[in-house]
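Remarks on the structure that follows.
Residue numbers (the working numbering), protein chains in the order written: chain A, 1 to 169; chain B, 170 to 606; chain C, 607 to 1389.
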């Protein structure tokens, strides 16, 4: 059935969702990945995203909201284009993760979960990201940067500002 | 890119292809890839499980349950389809070993999944990575696509008449999903709240079907066990602790990194020889030996073999193999606070003792550290932690309580130093130092 | 399952294998506390209160998730266990606001009780509590987040129980909250089950919050006055200046057929009783044409004179009587006795919402074929034809959902609408609105009767394969259609039926002979011999006028007088006021309804919550109603009928055989020598029942009903104890059913309406308005 569906997503993402739901024995299994991919495209989980994802999976909207509010990477407000996530958990803390966080706060002029005025960067203190042996480490969106110093941090931010940063999606 | 390290004491089995370009399927094949699964197909499920039992491999996620035994619990006949689920939701602070497996040897995970599937009679395997590992998911996705292109996955694999499919996906940020039943909930598109057990996943798991769920390192070790034989693998380690393990040594050491050491390897040697000792010649204060949930060890407790039983005897746990090393400059209260802060953030909230206990502990330890403590606080912190222990719905409560009890027990003096409005002596020292500069 | 033997606290116990330990303990009188566990609904192991020590198991285990096994040794009350429970409570109380002095739940709070029992007396918590403001989620539901202990019972009852799914957990850890589906409000059925099931004061109801304390109320378990299901509702009443007022309705007494269930009407729609427009003085139309308050004596004299004059001048045929759907069986019985033996007329009818007479006729000669409301929660299979129970019979809908959830019952739905219960149905067929009779023919094997497809054929095959089946049908079926349906049903093995009608005592009105052609027990009016002893020999033998015919007669000037008890036919049937201009009209009601306003005399009547007696739900379950509230200035319909009869010259004792037999003898003068009868009297008083001291005692009439209507001759004590008794329907004998005129007018009430009564429930109207408001896009000011 090739009925034209109204969607708020790009044709590529819509096609990806169509495929995704077929991979699992139960459609709703696609929920968590779908929310993440939708967030990547839309920037955050808007009401519209909730509505369409719910509709695609045959779920109630409050069911979707209940699930999305559980996962810390899913957000219901926009973040910066580059979301700088600084790990301060134990291994990073021991190697000055907090120093990196403070440095980012100063450099970007924003606090935890805030967005720069130009919308380019947002900052988040996060829990362990699985880079303990290469601490201190951060992620900018999905890309890892490790064994950081304030100087390396500056370089990374400069690169993103100049549009030279990595962009894994 | 995470830095690879090396040390002569290492016995590289699971990590033998790291850095050799094995993400490329041809290279993987050249490095004995996909031989193990063919052997497994040829010799059949009973042989696989026998070899796994002989290998003495115990779950590398942290609980250390014998893998072969776990697989043998799956009923042979089942009305519902069976599944293999690979737990790559690596989230225990101090742990980053699976990160390297996905990065450098993705096909080993696929091959291990297939072997597990053949062993239990599953036709579908899921590889679930934590949400932060998107770039690793891309590597896994490509590896899976390459394996399909080669005909290694899909219908009639290796002409065996067996079908096997693999689906990869990530979570979206939740430590709790590392708990096996919570992982299944998440994969079914729900909140990562654990399930009531029994029934155990081997009987009623994903979508109600019998499910084998293993840590990614466990699964990646399977092809090697098939090739070298269970007994040979077992011999690498100690009694009831077969083989080798990826130990991630982080914190205040000279050469942090992930090292593959035989089970039973001495912890002190691991820190001082393998990882190059304490950074800057400082004194060792404490070691958190197996991820943040394992009880802390003092500097004079670390002359012990790294296996499940010896660490248990030493009053702690081998855990996830993430060894976090603390030198003399660390404030234990601050460290305890950062640890409980994590568990407070990650508690799913389902049960009362964990939800309320982690929150209360975080507030109390935070106040103590900030200098607002009252006399009963230290006893209270211990009381709270002891009353969470063993009482929660899932092990997360224990994971928060155990280290807290350990910190108070072994470093009570440091807690007392924070009492009576004094706050953190280390912070004051750092501030004085900064003021001098 | 086979029984196993195990030991709890040294006691040897036996229970079927697989029984949950918490239930096995409860059955043996050993209390294992729990917040999150709720029988048959929620097994969650979340609160950890029910932890117990099992021998040979390293950790404490939750009794709510542990099935008993042979040889299991359990300790539920050791120091270790008590400490675990104490610690859990300490953890809960950390953030709990401890505003018990003003909390609605204070006094009946599970957290309070457990804190008391497990002694978390000292507060170790010195941190700042997380405060969040209280939220109003709907016209009836409030949520006080800090009080919430996150037991998730509300989520379970709303989802699995109600199939509404309006509540969910949001966020995680210590930030977890219960969230409504409309983000800041609820889109739901407003049943209030979440409030009832909340162990603490986190969910509170608008009607009760901050009104009183639980210990200041009397709790009276009686029967809801709204729909035909007959749910037990517990009314909390408190002394007021003008009697006693109802403050709360809930399901505190869960012994009713409704089990855990109560809908919005049973819970909140008691407020009509406290309505400011309640009539509290008799009214008589004056020379100026206006109704004015007069004394009771004057009003009764005036009414009796009018009725007597009409009877004496024009005969009984010129008088009409209209009974009620909400008065008791005793009142209905008495009303028709009054009509027939005092007014001398068979012109008596009521607003019929189901064709019970045809149903009784169809079942003639078949014993035990009527399904109780209780049967619907255990039956393996149910065929539901027509009706929308979710809206019209909410307790039935609850029973069906529960049965599917717990027993995997198979429900077959045939309906012309997309009713919600289709979600629970194993198979469903959509019929044309007028296609029910044809569909029954099709079910009975006549292929040509209904144009079906493969799914319809599969539906029929599945229904016919059932070895035991309940058939519930709505007002879509009347007369011959009922006969055909029952005939089809009786062709299958082990079938029982339920005829679904509206209102609290529609069934009772029909059973008690508030019909122009049938006496109590569906005895045709020309076969009245058995009634002679009580009614005398001069009963009219010709069937009287039905409700519509009576108004037609009035319009033609042929009806000299009319007596309307607890009914509003003028509004319900759209009667032109002019039709009644020559009719002397006597009305008994709570309010000046569209009918009452036309009357010559209006008596202020008590309602079902203000009197004792019995009612019969639509399934033939007989229950006792107890007097809960009291409104000064009103009188029960029962008393009014007796007084009118007396004023018309009838001896009260012939109307109401009070003081007859052992049961009527209270023996109050015998002092210390008083025996069983006195104890019975004390018991009656303690249970808000009336004594048989006067001609106004409904139980004296109940004696007569039990003598004359065999179906109602059920064990009396069980009924008095507050339990339901299913009628002995096999004793009903009638053969005129299929040929009678179809007078059924379904009420078509939904969850938020209740006939005329609903118009006087402020809460129902408010909820109805909130559910019918169409949300318009917010207009932005032009700038």
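In this text, a Cβ means the ideal position worked out from N, Cα and C, and glycines have one as well.
Remember, it's a predicted structure, so these values are computed and weren't measured experimentally.
Output needed in chain order: residues of the segment 268-289 of chain B with a Cβ under 7 Å from some Cβ in chain A.
For the segment 268-289 of chain B, which is checked against every Cβ of chain A, the residues closer than 7 Å are 268.
Under 8 Å, do residue 501 of chain B and residue 583 of chain B count as touching if we go by C-beta distance?
Residue mapping note: residue 501 of chain B aligns to position 332 of the second chain, counting from 1. Residue mapping note: residue 583 of chain B aligns to position 414 of the second chain, counting from 1. Their beta carbons are under 8 Å apart, which means residue 501 of chain B touches residue 583 of chain B by this criterion.
Can you pull the chain A neighbours of residue 584 of chain B, defined as C-beta to C-beta under 8 Å?
Residue mapping note: residue 584 of chain B aligns to position 415 of the second chain, counting from 1. In chain order: nothing, as chain A lies at least about 18 Å away.
Buried or exposed: where does residue 154 of chain A fall if 16 or more other Cβ atoms within 10 Å of its Cβ makes it buried?
By 1-based counting over the first chain, the position of residue 154 of chain A is 154. Per the 10 Å Cβ criterion, exposed.
For residue 1272 of chain C and chain A, any beta-carbon pair shorter than 8 Å?
Looking up residue 1272 of chain C in the third chain gives position 666. In this predicted model, residue 1272 of chain C has a pLDDT of only 43, less than 50, meaning its place in the structure is not dependable; the value taken from the coordinates is given anyway. Not one chain A Cβ lies under 8 Å of residue 1272 of chain C.
Closest Cβ-Cβ distance between residue 774 of chain C and chain A: below 8 Å?
Sequence index remark: in the third chain, residue 774 of chain C carries index 168 (1-based). Chain A contact via Cβ: present.
Please name the residues in the segment 585-597 of chain B whose beta-carbon is closer than 8 Å to at least one beta-carbon of chain C, in chain order.
none
Given this structure, state the Cα-to-Cα distance separating residue 388 of chain B from residue 38 of chain A, to the nearest angstrom.
Working through the second chain from its first residue, we reach residue 388 of chain B at position 219. Working through the first chain from its first residue, we reach residue 38 of chain A at position 38. If you take the alpha carbons of residue 388 of chain B and residue 38 of chain A, they lie about 31 Å apart.
Could you tell me which chain B residues have their CB closer than 7 Å to the CB of residue 22 of chain A, listed as they occur along the chain?
Taking the first residue of the first chain as position 1, residue 22 of chain A is located at position 22. Here the premise fails: no neighbours, minimum Cβ distance about 10 Å.
Since residue 357 of chain B and residue 376 of chain B should fall inside the 8 Å C-beta cutoff, what is the C-beta to C-beta distance between them, to a whole number of angstroms?
Taking the second chain and counting its residues from 1, the one referred to as residue 357 of chain B is at position 188. Taking the second chain and counting its residues from 1, the one referred to as residue 376 of chain B is at position 207. At roughly 7 Å, the Cβ-Cβ gap stays under 8 Å, so residue 357 of chain B and residue 376 of chain B are in contact.
Evaluate contact between the segment 1014-1028 of chain C and the segment 984-995 of chain C, counting only Cβ atoms and requiring at least three cross-stretch pairs below 8 Å.
yes
Round the Cβ separation of residue 1146 of chain C and residue 951 of chain C to the nearest angstrom and send it over; I've been treating them as touching at under 8 Å.
Here residue 1146 of chain C is taken as the residue at index 540 of the third chain, counted from 1. Here residue 951 of chain C is taken as the residue at index 345 of the third chain, counted from 1. Confirmed, about 6 Å.
Does the beta carbon of residue 1012 of chain C come closer than 8 Å to any beta carbon on chain B?
Locating residue 1012 of chain C in the third chain gives position 406, where the first residue counts as 1. Not an interface residue.
Quick check on residue 26 of chain A: does DSSP put it in helix, strand or coil?
For the purposes of this step, residue 26 of chain A is taken as the residue at position 26 of the first chain. In the structure shown, residue 26 of chain A sits in coil (DSSP, three-state: anything other than H, G, I, E or B).
Taking the straight line between their C-alpha atoms, what separation do you get for residue 1197 of chain C and residue 815 of chain C?
If you number the third chain from 1, residue 1197 of chain C lands on position 591. If you number the third chain from 1, residue 815 of chain C lands on position 209. Approximately 27 Å between the Cα atoms of the pair.
Would a check of beta-carbon distances place residue 90 of chain A closer than 8 Å to chain B?
Within the first chain, numbered from 1, the residue matching residue 90 of chain A stands at position 90. Closer than 8 Å: yes.
Return no unless some Cβ of chain A is closer than 8 Å to the Cβ of residue 821 of chain C.
Within the third chain, residue 821 of chain C is the residue found at index 215, counting from 1. Chain A, which has no Cβ nearer than 8 Å to the Cβ of residue 821 of chain C, makes this no.
If we call anything under 8 Å between Cβ atoms a contact, is residue 1398 of chain C one with residue 1072 of chain C?
The requested residue 1398 of chain C does not occur in the structure, where chain C is confined to residues 607 to 1389.
Just verifying my parser: in three-state terms, what is the DSSP assignment at residue 465 of chain B?
Here residue 465 of chain B refers to the residue found at position 296 of the second chain. The answer is coil: DSSP assigns residue 465 of chain B none of H, G, I, E or B.
Among the residues of its own chain, which have a CB less than 6 Å from the CB of residue 1169 of chain C, if the five just before and after it don't count?
Taking the first residue of the third chain as position 1, residue 1169 of chain C is located at position 563. The answer, listed in chain order, is 927, 1192.
Distance, Cα to Cα, residue 534 of chain B vs residue 157 of chain A?
As a first step, residue 534 of chain B must be located in the second chain, where it is residue number 365. As a first step, residue 157 of chain A must be located in the first chain, where it is residue number 157. Cα-Cα distance, rounded: 34 Å.
Would you give the residue range spanned by the beta strand (DSSP E) that residue 876 of chain C belongs to?
Here the question's residue 876 of chain C lines up with position 270 in the third chain. First-last for residue 876 of chain C: undefined, no H or E at that position.
Distance cutoff 8 Å, beta carbons only. Does residue 528 of chain B sit that close to anything in chain C?
Residue 528 of chain B sits at position 359 when you count from the first residue of the second chain. Yes, because at least one Cβ of chain C sits closer than 8 Å to the Cβ of residue 528 of chain B.
Could you spell out where the beta strand (DSSP E) holding residue 774 of chain C opens and where it closes?
On the third chain, residue 774 of chain C is found 168 positions in, with the first residue counted as 1. Segment 773-776, the beta strand (DSSP E) holding residue 774 of chain C.
Nearest CA to the CA of residue 1348 of chain C: which residue from C:1030, C:1164, C:1152, C:922?
Sequence index remark: in the third chain, residue 1348 of chain C carries index 742 (1-based). Closest option to residue 1348 of chain C, Cα to Cα, is C:1152.
Between the C-alpha atoms of residue 1237 of chain C and residue 707 of chain C, what's the straight-line distance to the nearest angstrom?
What you label residue 1237 of chain C is simply residue 631 of the third chain in a count that begins at 1. What you label residue 707 of chain C is simply residue 101 of the third chain in a count that begins at 1. So the two alpha carbons sit approximately 30 Å from each other.
Out of C:770, C:799, C:779, C:665, state which residue places its alpha-carbon closest to the alpha-carbon of residue 788 of chain C.
As a working note, residue 788 of chain C is residue 182 in the third chain. That would be C:770, whose Cα lies nearest to the Cα of residue 788 of chain C.
Find the residues of chain B that neighbour residue 574 of chain C, judging by a C-beta separation of less than 7 Å, and give them in chain order.
Missing from the structure shown is residue 574 of chain C; chain C here goes from 607 to 1389 and no further.
Considering residue 596 of chain B, what are the terminal residues of the alpha helix (DSSP H) in which it resides?
Within the second chain, residue 596 of chain B is the residue found at index 427, counting from 1. First-last of the alpha helix (DSSP H) with residue 596 of chain B: 594-605.
Just checking residue 468 of chain B against the ligand GDP - is the residue's beta carbon closer than 7 Å to any of the ligand's heavy atoms?
The ligand GDP is not part of the structure shown, which contains no ligands of any sort.
Quick one: what does DSSP say residue 293 of chain B is sitting in, helix, strand or coil?
On the second chain, position 124 is the one that residue 293 of chain B refers to. Looking at residue 293 of chain B - three-state DSSP - the assignment turns out to be strand.
Do residue 991 of chain C and residue 1083 of chain C have their C-beta atoms within less than 8 Å of each other?
Locating residue 991 of chain C in the third chain gives position 385, counting from the first residue. Locating residue 1083 of chain C in the third chain gives position 477, counting from the first residue. Yes, they are a contact pair.
One question on the structure: do residue 1109 of chain C and residue 932 of chain C come within less than 8 Å of each other, judged by their Cβ atoms?
Translated into positions along the third chain, residue 1109 of chain C becomes position 503. Translated into positions along the third chain, residue 932 of chain C becomes position 326. Against a cut-off of 8 Å, the Cβ pair of residue 932 of chain C and residue 1109 of chain C comes out as a contact.
Determine the direct distance from the alpha carbon of residue 121 of chain A to that of residue 56 of chain A, and round the result to whole angstroms.
Looking up residue 56 of chain A in the first chain gives position 56. Looking up residue 121 of chain A in the first chain gives position 121. Computed Cα separation, rounded: 32 Å.
Residue 787 of chain C touches chain A at which residues, Cβ-Cβ below 8 Å?
Within the third chain, residue 787 of chain C is the residue found at index 181, counting from 1. What residue 787 of chain C touches in chain A: 60, 61, 62.
Nearest CA to the CA of residue 373 of chain B: which residue from B:455, B:251, B:267, B:605?
Walking along the second chain from the start, residue 373 of chain B turns up at place 204. Considering only alpha carbons, the answer is B:251.
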